[in-house]
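See below for the structure under consideration.
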Amino acid sequence: MLLSSAAADPSNHLLADWTSVLGALHGAAELRVDSDTLVGIIASASSILDIVDYLRLRHPVLAPLELALLGSEQALWQSVCAAPVQWVNLAVRLRSFYIFREACCHVVGGWAGWSQEQRGELRGDVRELCARKAEKFEAFKEGLEQRLLEYRHEKLRYDPAVDKGRGKKTHEPDVLIWQAQYLLMNWLARMFWEGRGRSAMDGGYGLYKMLWEGNCCEPVKQAKLSPLTPAGRSVVAEHVREMQGDLKKMVKPVMISNLKLDQSLMPANRLTPFTIKPRDCPWNTEDTTDQDSSQRSRHSRRQEAAQHNPDEEDDLEDFIS
């Protein structure tokens, strides 16, 4: 790496990054990153990592760099939201679990929207981790959508093995509940038919958010599907609200967000209920430090023991916290 006269231009962030690294190494100042813009913070972090790699001084600088990034708080998390694939790679170089976890949640949540080229930018082990979690999440959403379509209002649930047949007069009070059931299921089926469920580019985020907020199937807007008097429409609307409450409980697991990002400032617009654990970090599964022979021996024994005693949570691992 050459620091030419061009880098001496104060407008060039490379000079500031070199000054920051050298100052931190000599205890003259704290390591600082450019957090003024979402692009600047990732460029500054990448540049500093390039510098410390060039100087072969990674270990004295990694922790201060991570602290400097975490100190920028929402500026960091917004940058991660805007460019999660790049931040996953930077987090691996930095060995920062917190940044890796945040970026991975974004990558998995937006998996359907990433091109093959973007997925190819990920390290092989990280890409495998994200693909595995995305596949598990897809299977969960498939089951969720099946349960949503099978949902019935509690007064319409019928078990032929237990419940006896009911006469016409017994059914008559339930007519408006059936109207509400029809309106809600018709609306939901139409959303799936339009491709707004798990097959959407957002992984179903938009639809699940509508269900979560109860912003769906307004009887007034759907009066043409089921003509009702104002009084009847009011009763149907009340039943729809009751069922919306049940659907909200059903989609709650996928609407949980494990992000540090303040989404009131910058919405992620992705489903991010995933749990990323320290054991998922690639640097925790590889031996990259210089160890003496006895340390290597102990490390090998620990790996061998881990193979014979696998983590019991592996088979039961869930993406939901």
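According to UniProt numbering, the sequence shown is numbered sequentially starting from 1.
The beta carbon of each residue, even a glycine, is placed where N, CA and C say it ideally should be.
What residue range does the alpha helix (DSSP H) around ILE48 cover?
Locating residue 48 in the sequence shown gives position 48, counting from the first residue. 38-55 is the span of the alpha helix (DSSP H), which, as asked, contains ILE48.
Using C-beta distances below 6 Å, list every residue in its chain close to ALA306, excluding the 5 sequence neighbours before and after it, in chain order.
The sequence position of residue 306 within the sequence shown is 306, counting from 1. Residue placement at ALA306 cannot be trusted, given a pLDDT of 45 that sits under 50; what the coordinates show is reported in the next sentence. No residues qualify anywhere along the chain.
Helix, strand or coil, according to DSSP, for PHE106 in the structure here?
Taking the sequence shown and counting its residues from 1, the one referred to as residue 106 is at position 106. Sequence inspection shows His at residue 106; the Phe mentioned does not correspond to that position. The answer is helix: DSSP assigns HIS106 an H, G or I state.
Going by C-alpha distance, which of ILE99, VAL236, GLY40, TRP111 is nearest ILE177?
Position 177 of the sequence shown, counting from 1, holds the residue named residue 177. Here the closest residue by C-alpha is VAL236.
Out of TRP87, GLY197, MET210, which has the shortest C-alpha to C-alpha gap to LEU69?
The residue given as residue 69 occupies position 69 in the sequence shown. Nearest of TRP87, GLY197, MET210 to LEU69, Cα basis: TRP87.
Evaluate THR272 with the Cβ neighbour count: other Cβ atoms within 10 Å of its Cβ, from every protein chain shown; 16 or more gives buried, anything less gives exposed.
By one-based count along the sequence shown, residue 272 stands at place 272. Counting Cβ neighbours within 10 Å, THR272 comes out buried, since at least 16 surround it.
Compute the distance between the beta-carbons of HIS59 and PRO84, then report whether it is under 7 Å.
The residue labelled residue 59 in the question sits at position 59 within the sequence shown. The residue labelled residue 84 in the question sits at position 84 within the sequence shown. Cβ atoms of HIS59 and PRO84: not closer than 7 Å.
CB contact flag (ARG38, ARG93, <7 Å)
Position 38 of the sequence shown holds residue 38. Position 93 of the sequence shown holds residue 93. Inspection of the sequence shows that residue 38 is occupied by Leu rather than by Arg. Going by C-beta atoms, LEU38 is not nearer than 7 Å to ARG93.
For SER234, count neighbouring Cβ atoms within 10 angstroms of its own Cβ and tell me buried if that reaches 16, exposed if not.
Within the sequence shown, residue 234 is the residue found at index 234, counting from 1. By the neighbour-count rule (16 or more Cβ atoms within 10 Å), SER234 is not buried but exposed.
Rounded straight-line distance, which links the Cα of ASP280 to that of PRO267:
Within the sequence shown, the letter at position 267 stands for residue 267. Within the sequence shown, the letter at position 280 stands for residue 280. If you take the alpha carbons of PRO267 and ASP280, they lie about 26 Å apart.
Run of the alpha helix (DSSP H) containing ARG147, from where it starts to where it stops
Translated into the one-based positions of the sequence shown, residue 147 becomes position 147. Here the alpha helix (DSSP H) through ARG147 covers 124-150.
HIS239 - containing alpha helix (DSSP H), residue span:
If you number the sequence shown from 1, residue 239 lands on position 239. Where HIS239 is concerned, the enclosing alpha helix (DSSP H) stretches over 230-255.
Going by beta carbon distance, what residues of the same chain come within less than 6 Å of GLN118, once the five residues before and after it are set aside?
Walking along the sequence shown from the start, residue 118 turns up at place 118. Excluding positions up to five away in sequence, the list reads VAL85.
Which residue marks the beginning of the alpha helix (DSSP H) containing TYR182, and which one marks its end?
In the sequence shown, counting from the first residue as 1, residue 182 sits at position 182. It spans 175-193 - the alpha helix (DSSP H) in which TYR182 sits, taken as one unbroken run.
Sort MET191, ALA189, GLY120, GLN179 by Cα distance to VAL240 and report the nearest one.
Working through the sequence shown from its first residue, we reach residue 240 at position 240. Among MET191, ALA189, GLY120, GLN179, the Cα nearest to that of VAL240 is on GLN179.
Let's test the definition: count the other Cβ atoms within 10 Å of the Cβ of GLN181 and tell me whether it reaches 16, buried, or not, exposed.
Residue 181 sits at position 181 when you count from the first residue of the sequence shown. Buried, since its Cβ has 16 or more Cβ neighbours within 10 Å.
Three-state secondary structure assigned by DSSP to TYR158:
Indexing the sequence shown from 1 puts residue 158 at position 158. Here TYR158 sits in coil by DSSP.
Is residue 323 buried or exposed, if buried means 16 or more other CB atoms sit within 10 Å of its CB?
Outside the shown range of the chain (1 to 321) lies residue 323, about which nothing can therefore be said.
To the nearest angstrom, how far is it from the Cα of ASP287 to the Cα of PHE100?
Taking the sequence shown and counting its residues from 1, one reaches residue 287 at position 287. Taking the sequence shown and counting its residues from 1, one reaches residue 100 at position 100. Note that ASP287 scores a pLDDT of 48, beneath 50, so its modelled location is shaky; the value from the coordinates is reported in the next line. One C-alpha to the other measures close to 19 Å.
If we ignore side chains and look at the alpha-carbon of each, how far apart do LYS248 and PHE192 end up?
Position 248 of the sequence shown, counted from the first residue, corresponds to residue 248. Position 192 of the sequence shown, counted from the first residue, corresponds to residue 192. Approximately 17 Å between the Cα atoms of the pair.
Of the choices PRO227, LEU207, VAL175, whose alpha-carbon is the least far from that of LYS141?
Against the sequence shown, residue 141 aligns to sequence position 141. Minimum Cα distance to LYS141 is reached at LEU207.
Measuring CB to CB, does MET201 end up less than 7 Å from GLY113?
By 1-based counting over the sequence shown, the position of residue 201 is 201. By 1-based counting over the sequence shown, the position of residue 113 is 113. Yes. Within cutoff.
In this structure, how does DSSP classify MET201 when only helix, strand and coil are distinguished?
As a first step, residue 201 is located in the sequence shown; it is residue number 201 there, counting from the start. It is coil, neither helix nor strand.
Option nearest LEU149 by Cα separation, candidates ARG127, PHE137, MET210, LEU184:
One-based indexing of the sequence shown puts residue 149 at position 149. Nearest C-alpha to LEU149: LEU184.
Taking C-alpha atoms, which residue in VAL254, CYS217, PRO253 lies nearest to GLN244?
To locate residue 244, count along the sequence shown from 1; it is residue 244. Measuring from the Cα of GLN244, the nearest candidate turns out to be CYS217.
In the structure shown, what three-state DSSP assignment does HIS59 receive?
Locating residue 59 in the sequence shown gives position 59, counting from the first residue. In the structure shown, HIS59 sits in a helix (DSSP, three-state: H, G or I).
Put LEU265 into one of helix, strand or coil per three-state DSSP.
Numbered from 1 along the sequence shown, position 265 holds the residue referred to as residue 265. Here LEU265 sits in coil by DSSP.
Taking DSSP as the reference, what is the three-state secondary structure of SER96?
Numbered from its first residue, the sequence shown carries residue 96 at position 96. Coil at SER96, not helix or strand.
Residues of its chain near GLN108, where Cβ-Cβ distance is below 6 Å and the 5 sequence neighbours each way are ignored
Here residue 108 refers to the residue found at position 108 of the sequence shown. At residue 108 the sequence reads Val, which differs from the Gln that was named. Same-chain partners within the cutoff: CYS130, LYS133, ALA134, PHE274.
Assign VAL162 to one of two classes, buried (16 or more other C-beta atoms within 10 Å of its C-beta) or exposed (fewer than that).
For the purposes of this step, residue 162 is identified with residue 162 of the sequence shown, where counting begins at 1. When all chains shown are included, VAL162 counts as exposed.
Distance, Cα to Cα, ASP53 vs ILE256?
The residue given as residue 53 occupies position 53 in the sequence shown. The residue given as residue 256 occupies position 256 in the sequence shown. Roughly 38 Å separates the two Cα atoms.
Residue range of the alpha helix (DSSP H) that GLU218 falls in?
As a first step, residue 218 must be located in the sequence shown, where it is residue number 218. From DSSP, GLU218 is part of no alpha helix (DSSP H); its letter is neither H nor E.
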